[in-house]
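These notes concern the structure reproduced below.
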Amino acid sequence: MAAGGKRTKSVQQELVMDMTPMIDCVFLLMIFFVLVIDLSQQTLEDLILPKATYAVPDEKPPENRPVVNIMQDGRVIVKKNVRYDPARDGDNLSPIHALLVEMRDNIPKLDIKKETVGGTTMTLINDPLLIRADKWTEWHYVGKFMEACVFPQAAFWKIELALSEDDKEAKMLSKARK
Amino acid sequence: MASKTMDQVQEEAKADMTPMIDCVFLLIIFFLCIDFKVLEAKLPAYLPKDSGAQSTHADPIEKLSLKIECVSPGRELPRPNSKSIYREGHRVRYHVGPTVVNDEEALVKELRRIYSDRSKWTKDDKTGAPKPQPIVIEPGVNAVYGDVAVCVDAARSVGFEDIQFGGGLGRGKKPAPGAK
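Protein chains in written order, with numbering that gives the first Met the number 0: chain B, 0 to 177; chain D, 0 to 179.
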C-alpha cells in the first residue's frame with residue numbers, strides 16, 4: 000500500500016505543470032507588441048524636431064487630428080505615403096490640394112464651416128493640422144505647404160508646429176563623439 | 000534517512016531565478032521602448048483664411064515684423080546612423096521691428112519689452128478688448144524650420160497669440176555638402 004501511495008504522488012508531481020514561465024513569456028510578448036506596434040505612432044515619421052522651450056506639451060492629441068510630416072528634402076509624407084515630392088511635382092501644388100480635400104472628406108468629426116471671405120466661399124476647417132518637420136528642413140518647403148493649406152475647398156487655417164521636449168540631435172551627436 | 004534530509008536541504012537552497020530574469024527582461028524592454036517615445040510639444044499658429052487680392056475694404060492693422068536673417072547657413076554634415084543631415088555652425092539673427100538681436104534669450108527679452116508696451120496693442124474685432132498686436136514671422140534666405148520654431152516658441156512664451164507667417168519662402172543657395 001505504502002509503495003503504491005508513493006507512486007501516485009510521484010505521478011502527480013510529474014503532471015503538475017509550472018505555468019509561470021509561459022505566463023511571463025506571454026506578458027513579455029504583449030508588452031513588447033503594445034509598445035512597438037503603437038498604432039497612434041503610425042502617422043509620425045522618424046524626424047528630429049527642434050527642441051521646445053516654452054511650447055505646450057502635446058499630451059492628449061485628438062484622435063482625428065490630421066498630421067503631416069515634411070522631410071528634409073521637402074517630401075510631404077502622410078501615413079507613410081509620399082503625397083508631395085518637390086523633385087517630382089515641383090511647383091505643382093495639386094497633390095497637396097488633393098491631400099487636403101481627402102483629409103476633409105475622410106477624417107471623422109472635423110469641424111467644417113462654410114464662410115464667405117472676401118467674396119469667395121471658403122470651406123474652413125476649424126480643427127488644427129499638425130505640421131511635423133525636421134529641425135533642418137528648409138523653411139521654404141514648410142512655407143510652400145502652408146501656402147497650399149489656404150485652399151478654398153479645404154482651408155486648414157489653424158496649424159500646429161510640432162516640437163520635441165527633448166534635444167534628440169544633441170544627444171545623438173554627443174553619443175557619437177564618445 | 001540521512002540522505003533524504005540532505006536532498007530536502009538542497010531543494011530549499013535552490014533559488015528560482017525565473018521571476019528575477021523575467022523582471023530584468025521587462026525592465027530592459029521598458030527602457031528600450033521608452034527612449035523612442037519622447038513626448039512632443041506643439042505651437043499653435045494661424046494661416047490667413049483668404050489668399051490673393053481682395054475687393055473688400057480692410058482697416059490696416061499694425062503688425063510686429065520678426066525677420067529671420069541667416070548669418071551663416073552652416074556646414075552640412077551627415078547625422079550619425081541616419082540618412083539625414085545637420086548643419087554645423089548655422090547662425091541666425093532676428094530683426095524685431097528695427098531692433099536686431101543675436102540669440103533666443105535676447106529675442107525673448109525684446110519681445111517681452113514690446114508686449115509690455117500697451118500703447119501698441121490693437122482692439123479685438125468682436126469684443127473690442129485690447130489684445131497684443133499680431134506678429135508676422137518672415138524667414139529669410141536659408142532659414143530652416145528650427146529657426147522659425149524658435150521664434151514661434153519665444154512669441155508664445157511672452158504672450159503673443161496671433162502669429163502669422165510672411166516674407167519670402169526663405170529659399171537660398173544651398174552650400175555644397177562639406178563646404179564652409
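By construction, the Cβ of each residue, glycine as well, lies at the ideal position given by its N, Cα and C atoms. Source: prediction; values computed, not measured.
_Contained beta strand (DSSP E) runs [length at least 3] in the region 121 to 152 of chain D, N- to C-terminal order_ = 134 to 138
*Quick one: using the 10 Å Cβ neighbour count with 16 as the cut-off for buried, is residue 129/D buried or exposed?*
exposed
*Contacts that residue 148/D makes with chain B (C-beta to C-beta distance below 7 Å)*: 49, 160, 162
*How many angstroms separate the CA atom of residue 157/D from the CA atom of residue 104/D?*
12 Å
_Secondary structure of residue 82/B, DSSP reduced to three states_ = strand
_So that I know if they touch, is there some Cβ in chain A lying closer than 9 Å to that of residue 65/B?_
Chain labels in this structure do not include chain A; the protein chains are B and D.
*asked:* Judging by CA-CA distance, which residue of 101/B, 157/B, 151/B, 60/B is the nearest neighbour of residue 43/B?
replied: 60/B
*Is residue 67/D near residue 147/D, with beta carbons less than 9 Å apart?*
yes
*Can you name the start and end residues of the beta strand (DSSP E) that residue 144/B belongs to?*
Residue 144/B -> not in any beta strand (DSSP E); alpha helix (DSSP H) instead, spanning 138 to 148.
*What is the residue span of the beta strand (DSSP E) that residue 94/D lies within?*
90 to 95
*Starting from the C-beta of residue 125/B, find all residues in its chain whose C-beta is less than 7 Å away, skip the five residues before and the five after it, and write them out in chain order.*
110, 112, 157
*asked:* Give me, in chain order, the residues of the same chain whose beta-carbon lies closer than 7 Å to that of residue 127/B; leave out the 5 immediate sequence neighbours on both sides.
replied: 64, 157, 158, 159
_Endpoints, beta strand (DSSP E) assigned at residue 121/B_ = 119 to 124
*Can you give the Cα-Cα distance for residue 166/B and residue 116/D, rounded to whole angstroms?*
34 Å
_9 Å Cβ cutoff, residue 131/B in contact with chain D_ = yes
*Candidates 65/D, 82/D, 86/D, of which the one nearest residue 74/D by Cα*: 86/D
_Measuring only the C-alpha atoms, how far is residue 90/B from residue 142/B?_
12 Å
_For residue 71/D, three-class secondary structure by DSSP_ = strand
*Compare the C-beta of residue 141/B against all C-beta atoms of chain D and say whether one is closer than 9 Å.*
yes
_Cβ pair residue 163/D, residue 44/D closer than 9 Å_ = yes
*So residue 95/D and residue 110/D are in contact, right, with Cβ under 8 Å, and what is the actual spacing, rounded?*
7 Å
*Note down, in chain order, all residues in the region 118 to 150 of chain D with a beta-carbon under 8 Å from any beta-carbon belonging to chain B.*
138, 141, 142, 143, 144, 145, 146, 147, 148, 149
*Under 8 Å Cβ to Cβ from residue 119/B, same chain only, skipping five residues before and after it: list those, please.*
151
*How would you write the range of the beta strand (DSSP E) that residue 103/D sits in, first residue to last?*
Premise fails: residue 103/D lies in the alpha helix (DSSP H), 103 to 115, not in any beta strand (DSSP E).
_Spatial neighbours of residue 53/D within its chain, please: C-beta separation below 6 Å, excluding the five flanking residues on both sides._
Confidence in residue 53/D is poor, its pLDDT being 47 and thus under 50, which makes the residue's placement unreliable; the coordinate value appears in the next sentence. Excluding positions up to five away in sequence, the list is empty.
_Minimum Cβ-Cβ distance from residue 83/B to chain D less than 9 Å_ = no
*residue 80/D (DSSP reduced to helix, strand or coil)*: coil
*Closer than 9 Å to chain B by CB, residue 14/D*: no
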